[in-house]
C-alpha cells in the first residue's frame with residue numbers, strides 16, 4: 110500500500126469539507142492506495158509556483174516544464190529564463 114496521492118495520506122481534503130465531510134474519494138478516507146502514485150512536481154519561476162503536474166521522473170518533469178515555460182512565457186530576444194521543478198510528493202515519504 111502507498112500513501113494516497115490525492116489527500117497525501119491524510120484521508121481528508123479540508124478544502125472540500127462541505128462534500129462528504131471532506132473524505133477523500135480516491136482512498137475513501139484510509140489515506141492509502143493500491144497503486145504506486147506518479148510523483149507530483151511543481152514548476153517554480155521567479156520564486157512563484159506556476160503549475161503542478163505529474164511526471165514519472167525528473168527528466169520527464171523538466172521536459173514538461175520546458176513546454177510549459179515556452180507556452181506561458183515566450184522568450185524575448187536574448188532573454189534567459191530561470192526556473193526549476195521540485196518534487197512535492199512521491200507516495201513513499
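In this note's numbering, the protein residues as written are 110 to 202. Glycine is no exception: its CB is placed at the ideal position from the N, C-alpha and C atoms.
Please report the straight-line C-alpha distance between residue i and residue j, rounded to a whole angstrom.
i: residue 202; j: residue 169; result: Unreliable placement is indicated for residue 202, whose pLDDT of 41 sits below 50; no coordinate value is reported for it.
i: residue 147; j: residue 127; result: 28 Å
i: residue 129; j: residue 118; result: 17 Å
Along the alpha helix (DSSP H) that carries residue i, what are the first and last residues, could you check?
i: residue 181; result: 167-181
Where do the N-terminal and C-terminal ends of the beta strand (DSSP E) with residue i fall, by residue?
i: residue 150; result: 149-154
i: residue 157; result: 157-163
i: residue 193; result: 192-198
CB residue i to CB residue j, shorter than 8 Å?
i: residue 197; j: residue 160; result: no
i: residue 141; j: residue 116; result: no
I need the DSSP call for residue i, collapsed to helix, strand or coil.
i: residue 124; result: helix
i: residue 63; result: Outside the shown range of the chain, which is 110 to 202, sits residue 63, and nothing can be said about it.
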